[in-house]
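My numbering runs 4 ahead of the 1-based position in the sequence shown. Glycine residues also receive a C-beta, built at the ideal position from the N, C-alpha and C atoms.
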Amino acid sequence: MNPEDLVEKHFTRLRPEQKRALAKLGIRTIRDLLYHFPTRYETSGDVGTIAGVAAGAEVTLYGTVRKPDIRKTWKSRRPIAEAWLEDASGKIKMMWFSQPYIAKTLHDGMMVKVSGRVAGEGAKIYLANPAIDKSPIAPEETHDTLFHKGSTLETELYPIYPESMGISSLWLFHALKKVFETRVHEQFEDPLPSEILARYKLPALSSALVFIHAPHKQPDAAAAKKRFAFEEVFALQVVMQQRRNALLREDALPVTIDRAQLKSFIASFPFPATAAQTQAIDTIVSDFGKTHPMLRLLEGDVGSGKTAVAAATAYLVATSLPKGRIAGALQVAYLCPTEILAKQHFSTFVSYFRDHPIPIGLITGSECRVFPSRVPYEESAKLSKATFRKRVADGLIPIVIGTHALVEKSLSFKYLAYAIIDEQHRFGTVHRQKLATKSAVSPHLLSMTATPIPRTLALTLYGDLDLTILDQMPAGRKRVETAVLAPKERERAYERVRAELALGHQAYVICPRIDEPDPAKELALQAKSVKAEAARLQKEVFPEATIGILHSKMTPSEKEEAMETFERGETDILVATSVVEVGVNVPNATVILIEGAERFGLAQLHQLRGRVIRSTHQSYCFALPETTGESTRERMKAFKNAKDGFELAEYDLTLRGAGELVGGRQWGVSDIAMEALKNIKLVEAARTEAARLVERDPDLRGHPALALRAHTADKEMHLE
Numbered sequence: 005m006n007p008e009d010l011v012e013k014h015f016t017r018l019r020p021e022q023k024r025a026l027a028k029l030g031i032r033t034i035r036d037l038l039y040h041f042p043t044r045y046e047t048s049g050d051v052g053t054i055a056g057v058a059a060g061a062e063v064t065l066y067g068t069v070r071k072p073d074i075r076k077t078w079k080s081r082r083p084i085a086e087a088w089l090e091d092a093s094g095k096i097k098m099m100w101f102s103q104p105y106i107a108k109t110l111h112d113g114m115m116v117k118v119s120g121r122v123a124g125e126g127a128k129i130y131l132a133n134p135a136i137d138k139s140p141i142a143p144e145e146t147h148d149t150l151f152h153k154g155s156t157l158e159t160e161l162y163p164i165y166p167e168s169m170g171i172s173s174l175w176l177f178h179a180l181k182k183v184f185e186t187r188v189h190e191q192f193e194d195p196l197p198s199e200i201l202a203r204y205k206l207p208a209l210s211s212a213l214v215f216i217h218a219p220h221k222q223p224d225a226a227a228a229k230k231r232f233a234f235e236e237v238f239a240l241q242v243v244m245q246q247r248r249n250a251l252l253r254e255d256a257l258p259v260t261i262d263r264a265q266l267k268s269f270i271a272s273f274p275f276p277a278t279a280a281q282t283q284a285i286d287t288i289v290s291d292f293g294k295t296h297p298m299l300r301l302l303e304g305d306v307g308s309g310k311t312a313v314a315a316a317t318a319y320l321v322a323t324s325l326p327k328g329r330i331a332g333a334l335q336v337a338y339l340c341p342t343e344i345l346a347k348q349h350f351s352t353f354v355s356y357f358r359d360h361p362i363p364i365g366l367i368t369g370s371e372c373r374v375f376p377s378r379v380p381y382e383e384s385a386k387l388s389k390a391t392f393r394k395r396v397a398d399g400l401i402p403i404v405i406g407t408h409a410l411v412e413k414s415l416s417f418k419y420l421a422y423a424i425i426d427e428q429h430r431f432g433t434v435h436r437q438k439l440a441t442k443s444a445v446s447p448h449l450l451s452m453t454a455t456p457i458p459r460t461l462a463l464t465l466y467g468d469l470d471l472t473i474l475d476q477m478p479a480g481r482k483r484v485e486t487a488v489l490a491p492k493e494r495e496r497a498y499e500r501v502r503a504e505l506a507l508g509h510q511a512y513v514i515c516p517r518i519d520e521p522d523p524a525k526e527l528a529l530q531a532k533s534v535k536a537e538a539a540r541l542q543k544e545v546f547p548e549a550t551i552g553i554l555h556s557k558m559t560p561s562e563k564e565e566a567m568e569t570f571e572r573g574e575t576d577i578l579v580a581t582s583v584v585e586v587g588v589n590v591p592n593a594t595v596i597l598i599e600g601a602e603r604f605g606l607a608q609l610h611q612l613r614g615r616v617i618r619s620t621h622q623s624y625c626f627a628l629p630e631t632t633g634e635s636t637r638e639r640m641k642a643f644k645n646a647k648d649g650f651e652l653a654e655y656d657l658t659l660r661g662a663g664e665l666v667g668g669r670q671w672g673v674s675d676i677a678m679e680a681l682k683n684i685k686l687v688e689a690a691r692t693e694a695a696r697l698v699e700r701d702p703d704l705r706g707h708p709a710l711a712l713r714a715h716t717a718d719k720e721m722h723l724e
């Protein structure tokens with residue numbers, strides 16, 4: 005057996021549904037199978053023989069199904085599926101009440117694993133409604149021979165694997181037993197250098213594979229998990245360091261740094277720049293002075309003024325002449341995740357550049373615009389896409405703001421020197437690279453996010469970027485007063501909305517869903533919907549108010565109209581989904597109600613709260629959860645009390661894990677590695693070791709196994 009052999013070569017009786025399930029689990033080769041790790045373990049004490057069971061116990065048993073049948077109870081005529089489970093020590097009845105269909109899924113002689121409670125007493129004990137794993141396995145492979153005592157893979161823990169319809173944990177357990185018997189795991193070359201294994205006391209690869217699939221004790225499994233977490237984070241860091249080194253070897257278009265001109269531009273802002281903004285601008289300007297492209301991540305809490313930093317640095321680039329020319333200018337591309345946000349930033353840039361008439365373009369899926377307009381009384385003019393593309397290609401529009409349309413092949417730049425990506429976490433690495441390759445010369449890159457990222461995450465997912473943090477709010481901003489209200493306290497939130505409307509202010513009401521569910525299909529789902537809630541509020545709560553709606557299923561023109569009406573103050577209350585989560589800027593909105601608050605992540609709740617921190621007015625946020633469990637109470641308490649988004653992000657990481665926080669699947673990062681991102685020491689160690697190794701061996705020629713592992717990590721991170 006070879007690690008790169010296809011699983012189908014050695015497991016020849018796979019049914020079509022099993023092949024589909026393996027593909028869904030990402031298991032194609034024997035190597036993939038060995039890297040499909042358990043999510044948890046059952047102790048061998050949990051797995052017993054039928055002769056040893058006792059009434060009231062929770063048990064896990066392996067055995068053979070005998071005489072599956074359906075009958076009805078004598079009095080109530082209630083249908084019951086029943087069958088016997090048999091092993092070498094005896095047999096026990098299994099009964100499933102009101103689930104007659106289960107009997108139809110069983111057949112005599114089937115090998116199964118069952119888990120459940122032993123009911124009844126004395127000689128009449130039975131398994132009540134047990135969970136059943138119907139993996140097809142041979143009779144000789146029952147639990148008393150699985151990684152049994154005295155074998156080369158002795159264990160007291162039984163691994164439980166991620167499953168998919170058609171492939172169960174038990175099937176994977178037996179498949180891996182067969183693989184281990186061939187000792188193929190000993191053929192792998194370890195991607196981690198021996199000196200790193202020794203330095204951090206990590207098990208070698210062949211041992212770690214045994215420890216993670218068949219640990220003798222829990223510490224064995226923990227050691228293996230630590231090793232594989234380090235391996236994955238290390239491989240990601242190697243990729244990041246290689247990418248960073250490659251870009252740092254490239255030349256950047258030189259930017260003319262006129263600090264007096266820049267100071268004049270910043271002074272024209274409608275507010276004084278904070279010390280944090282000034283520091284961030286100075287850092288970026290210093291990067292512009294280097295011969296290689298800048299690679300920087302700008303993290304700033306909601307309302308900290310990242311757009312102003314982007315505008316100031318874009319101004320410096322857009323007023324620089326390309327080398328050897330007396331006309332034209334270097335160009336800036338500003339990529340936004342949504343059309344609403346792109347139009348918002350375009351409008352903000354127009355306000356900043358009104359006294360500095362540099363052409364600014366907007367390109368989205370629905371339209372193209374340019375500022376300034378030649379039409380009197382209009383700030384910007386509409387252009388056809390063809391005309392817009394030609395002007396950008398000729399270098400006549402120095403600053404271009406847009407959505408994904410920016411990275412389309414049909415749009416080319418003449419002198420792209422600076423790429424800005426807003427809400428970096430919403431784009432994969434692919435988008436970033438597409439934007440970076442829009443020009444023959446690599447542009448300076450500024451990634452920005454208003455979603456605070458814990459340090460471990462930033463070091464891993466953005467390990468190729470330098471980090472700048474905006475940790476100061478503009479002068480005069482008051483902290484949002486946040487309250488978590490039970491359903492019976494809802495009127496308190498409505499009273500505050502009425503008070504704010506009376507002062508001429510506006511309000512948001514956020515709902516988890518757009519439409520009411522189909523009652524026949526979603527009886528259990530009680531989340532409020534935008535459409536129904538807007539109608540209820542208008543009829544029962546705020547009959548005098550003007551209420552608008554905004555959600556993702558509206559057309560771009562409908563969304564634009566809804567936002568513009570709200571921005572002009574013609575709508576008092578905007579009922580919306582989390583489509584308003586990022587960047588929407590209406591300073592007159594001072595209160596937000598978040599229905600079904602427990603359905604949102606903490607980072608998302610913080611983003612929503614940020615919609616009412618856009619002015620010097622006192623603002624208010626009311627979280628209205630529908631459930632009151634312990635987890636909800638803890639999360640709502642953290643949301644209410646956290647000083648800022650960074651504190652909340654660290655709490656969210658501890659509570660839910662990094663996969664929930666940033667979408668681990670988007671990055672191709674495994675659950676084990678995502679869990680490891682809670683460990684700052686592990687991440688920093690992996691980053692330090694990766695930088696040291698890549699400096700010595702940039703192309704990894706002396707580390708072929710690591711090169712293969714890094715290539716796999718790089719490929720997975722590119723999956724969108």
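Which residue from the options puts its Cα closest to that of residue i?
| i | options | result |
| --- | --- | --- |
| residue 89 | 112, 501, 101 and 104 | 112 |
| residue 449 | 289, 578 and 540 | 289 |
| residue 534 | 232, 397, 584 and 499 | 584 |
| residue 179 | 368, 72 and 26 | 26 |
| residue 229 | 297, 42 and 374 | 42 |
| residue 470 | 53, 338, 79 and 248 | 248 |
| residue 393 | 176, 383, 650 and 411 | 411 |
| residue 135 | 124, 77 and 64 | 64 |
| residue 360 | 316, 573 and 551 | 316 |
| residue 86 | 409, 689, 98 and 390 | 98 |
| residue 250 | 77, 299 and 500 | 299 |
| residue 375 | 353, 104 and 369 | 353 |
| residue 2 | 687, 56 and 611 | There is no way to answer for residue 2, as the model of the chain reaches only from 5 to 724. |
| residue 607 | 58, 69, 655 and 637 | 655 |
| residue 696 | 237, 191, 641 and 245 | 245 |
| residue 355 | 226, 391 and 311 | 311 |
Nearest-angstrom Cα distance between residue i and residue j?
| i | j | result |
| --- | --- | --- |
| residue 474 | residue 454 | 10 Å |
| residue 304 | residue 540 | 37 Å |
| residue 537 | residue 504 | 20 Å |
| residue 336 | residue 423 | 6 Å |
| residue 668 | residue 674 | Low confidence applies here, because residue 668 scores a pLDDT of 41, under 50, leaving its location unreliable and the question unanswered by this model. |
| residue 421 | residue 320 | 11 Å |
| residue 559 | residue 566 | 11 Å |
| residue 18 | residue 173 | 15 Å |
| residue 45 | residue 213 | 15 Å |
| residue 405 | residue 577 | 29 Å |
| residue 81 | residue 128 | 21 Å |
| residue 91 | residue 161 | 20 Å |
| residue 163 | residue 241 | 29 Å |
| residue 265 | residue 272 | 11 Å |
| residue 518 | residue 16 | 47 Å |
Measure how close the beta-carbons of residue i and residue j come, nearest whole angstrom, since I'm counting them as under 8 Å.
| i | j | result |
| --- | --- | --- |
| residue 402 | residue 279 | Not really, about 29 Å apart at Cβ, beyond 8 Å. |
| residue 233 | residue 680 | 3 Å |
| residue 170 | residue 8 | Not confirmed; about 24 Å, so no contact. |
| residue 367 | residue 415 | 7 Å |
| residue 452 | residue 183 | So it is not a contact: roughly 46 Å between Cβ atoms. |
| residue 439 | residue 339 | 6 Å |
(request) Output the residue ranges of the beta strand (DSSP E) runs that lie fully inside the stretch 565-641 and measure 3 residues or longer, sorted by chain position. (result) 577-580, 593-599 and 624-628
(message) Restricting to runs no shorter than 3 residues, where is the beta strand (DSSP E) found entirely within the stretch 316-373?
(response) 335-339 and 364-367
(request) Check whether the stretch 191-200 touches the stretch 705-714, counting contact only when three or more Cβ pairs, one atom from each stretch, lie closer than 8 Å. (result) yes
(request) With a floor of 4 residues, list each alpha helix (DSSP H) that falls wholly inside the stretch 440-498, ordered by position along the chain. (result) 459-465
(request) Would you mind listing the alpha helix (DSSP H) stretches within the stretch 381-412 that are 4+ residues and don't spill past its ends, in chain order? (result) 389-397
(message) I want to know whether the stretch 504-514 touches the stretch 594-606 - three or more CB-CB distances under 8 Å.
(response) yes
(message) In chain order, what are the residue ranges of uninterrupted alpha helix (DSSP H) at least 4 long that sit wholly in the stretch 27-90?
(response) 34-38
(message) Quick test of the definition: if touching needs 3 or more C-beta pairs under 8 Å, does the stretch 55-72 touch the stretch 114-132?
(response) yes
(request) Determine contact between the stretch 612-627 and the stretch 480-488, defined as no fewer than three beta-carbon pairs at a distance below 8 Å. (result) yes
(message) I'd like to know if the stretch 457-468 and the stretch 281-297 are in contact, where contact means that at least 3 CB-CB pairs between them fall below 8 Å.
(response) no
(message) Please give the ranges of any beta strand (DSSP E) in the stretch 177-252, keeping only runs that are unbroken, at least 3 residues long and fully inside the region.
(response) none
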